[in-house]
Amino acid sequence: MLHVFTKKSWSILWTSLLVFFLVIVSQSSAEAATQSSTVTLSNSTGGYSIEGDQLIGTATFMKGVPYELVAQDEKYGYLSFGNDKLAVPIHIVQPAAPSKDKPLPKGRTTVITKSRVSVASALRGGYRVGYINPGQRLPIIAETKTHVQVNLGGVRGFIPKTVVTGDPGIPVLMYHQIVENRATTPFANNNMVIDLAPFQQQMDYLKKNGWKTITPEDLDNWLMLRKNMTEKTVLITFDDGLLSLQKYAYPLLAKNEFKATSFLITSRIKQQAQPWDDQAFQYVGLKEIRETVDVFSFQHHTHGLHLRRPGTREPYLTTSTPEQIKADIDLGRFQVSKAFDMADPNIRYMAYPFGQFNETVKKVISASGIRMAFTTNPGNVKLGDHRYELKRQGISPSHSLKDFENKLYGAY
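Residues 1001 to 1412 (the working numbering) are what the sequence shown spells out, left to right.
And the structure:
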């Protein structure tokens, strides 16, 4: 049947085509804006990482050097740096002739700058690419006997090995229960229970010495080569979801503007916790989760698999079927979602009960949307570590402040 177009039909058709064209052009323009380009700077300037509303000085870019611009907004141009980028004032960014060099690869190992280091464009001679501040965890893209090579503004930069040191990795601290005086509780000989005073001393040490706390998402992005980290970076974790987190840990963490992660045994979460009793292990409720979400990232410690089989003492997690493990992950997410009006609780990370796992567990939790999992094996996390076998530094009553410091630097 032949369709006859009226004047109104043609008008609607042309309007639809015009809208479609404008959408395509708009998408293309947006994509073009995110493509990298070569620029120079009208003045030498600091390069900054942006953390919330804070600008953190990281490097210095030089006037007239051709750099790679990877993004921009109304205030800043973003120059390639390491596995991420640094911000510079947009008003000093100038277009330059396109570079003929290939994009630099991601760095898969890291070093730490011991002082402010000068970065050269070649082993000998060349020009100064810029400077990098002390205490930076630098991804290296290549190395020689005498130098490491890094990405500073999209330029391959050379740094003498004498001004950098090996990276001990990022410490992930592991806590459980906190009480005021464990000697007066049934947990006097329990190494997972620590007194409030040393915990406060440890948090004060982190604050005084300039340590920055991160979220699991930050660590995830670092391991995926999408984010840079400074030297003094730490992830603080608590297992089980015990009520002492709200009573003792939360006020100290909030006062110091720290972030932390709570791995919840979700089957033990009720509407709200019972009144505090230091003579028993108690668990946070949905109410306490809502009240502390500004500090804590709430993640998975299984729903009902934090148990051992009678007789064999084998963990439920490692002896359950794939179907049972998947169901447990789903139940945990559902339970925590109740604290957020059934919204996605963004549970993407897990700590293994008793620190134990096997290949089946890793495969199932990965397929269930868990992106990283933590063990109780001691050590720090380094680029290239297995995402489902991440180490942690357990903190017990026997650890002195010097032990704590050594754990931060992977020297314990």
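Where a beta carbon is used, it is the ideal one built from N, C-alpha and C, also for glycine.
- When DSSP states are grouped into helix, strand and coil, His1091 belongs to the helix group.
- Between Ala1373 and Glu1389, the C-beta spacing is below 9 Å.
- Following the DSSP letters along the chain, one finds Thr1360 inside the alpha helix (DSSP H) bounded by residues 1359-1367.
- A distance below 8 Å between beta-carbons, with the five flanking residues on each side excluded, links Ser1337 to the following residues of its chain, in chain order: Ala1343, Asp1344, Pro1345.
- In the DSSP assignment, Asn1377 falls within the beta strand (DSSP E) that extends over 1372-1378.
- In the DSSP annotation of this structure, the continuous segment of the beta strand (DSSP E) that includes Met1174 starts and ends at 1172-1175.
- The C-beta separation of Val1088 from Gly1047 comes to about 6 Å, placing the pair in contact by the 8 Å criterion.
- Collapsing the DSSP output to three states places Glu1405 in a helix.
- In the displayed model, Phe1258 falls within coil according to three-state DSSP, outside both helix and strand.
- By the Cβ neighbour-count rule, Leu1123 is exposed, with fewer than 16 other Cβ atoms within 10 Å of its own.
- Below 8 Å, too few C-beta pairs join the region 1315-1334 and the region 1245-1252 to call them touching: fewer than three.
- Out of Glu1257, Gly1064, Leu1383, Ile1395, the CA that lies nearest to the CA of Lys1106 is found in Leu1383.
- For Ala1339, there is no enclosing beta strand (DSSP E), as DSSP marks it with neither H nor E.
- In the DSSP assignment, Leu1219 forms no beta bridge with any residue.
- Below 8 Å, too few C-beta pairs join the region 1113-1133 and the region 1167-1179 to call them touching: fewer than three.
- Under the criterion of beta carbons closer than 8 Å, Gly1410 and Asn1228 do not qualify as touching, at roughly 19 Å.
- Apart from the 5 residues on each side of it in sequence, Leu1055 sits with its Cβ closer than 6 Å to the Cβ of Tyr1048 in its chain, given in chain order.
- Under DSSP, Asp1240 forms a beta bridge with Leu1264.
- Beta-bridge partners of Arg1137 (DSSP): Ile1112, Met1229.
- With respect to the 9 Å criterion, Leu1245 and Phe1296 are classified as neighbours on the basis of their beta carbons.
- Taking the Cβ atoms as the reference, Thr1237 lies roughly 7 Å from Ala1260, within the contact range of under 8 Å.
- Taking a cut-off of 8 Å on C-beta distances, the region 1140-1151 touches the region 1091-1111, as three or more cross pairs fall below it.
- With the rule of 3 Cβ pairs closer than 8 Å, the region 1283-1295 does not count as touching the region 1304-1311.
- Secondary structure note for Met1350: its beta strand (DSSP E) is the uninterrupted segment 1349-1351.
- Counting the other CB atoms within 10 Å of its CB gives Ser1400 a total below 16, which places it among the exposed residues.
- Taking a C-beta distance under 9 Å as the contact criterion, Ile1214 and Gly1241 do not qualify as a contact pair.
- For Thr1233, the CB contacts under 6 Å within the same chain, skipping 5 residues up- and downstream, are Ile1170, Lys1212, Ile1214 in chain order.
- Fewer than three Cβ pairs drawn from the region 1183-1198 and the region 1094-1105 lie within less than 8 Å of each other, which leaves the two stretches out of contact.
- Non-local C-beta neighbours of Ala1327 in its own chain, meaning closer than 8 Å and more than five positions away in sequence, are absent.
- Here Gln1094 is exposed. Its C-beta has fewer than 16 other C-beta atoms within 10 Å.
- For Gln1201, the enclosing alpha helix (DSSP H) stretches over residues 1196-1208.
- Per DSSP, Arg1182 lies in no alpha helix (DSSP H) segment and is marked neither H nor E.
- In the structure shown, Leu1104 adopts coil according to DSSP, grouped into three states.
- Counting along the chain, the unbroken beta strand (DSSP E) around Glu1068 starts and ends at 1067-1072.
- In the DSSP assignment, no residue is bridged to Pro1310.
- With a beta-carbon spacing of about 43 Å, Gly1057 and Asn1181 fall beyond the 8 Å limit used to define contacts.
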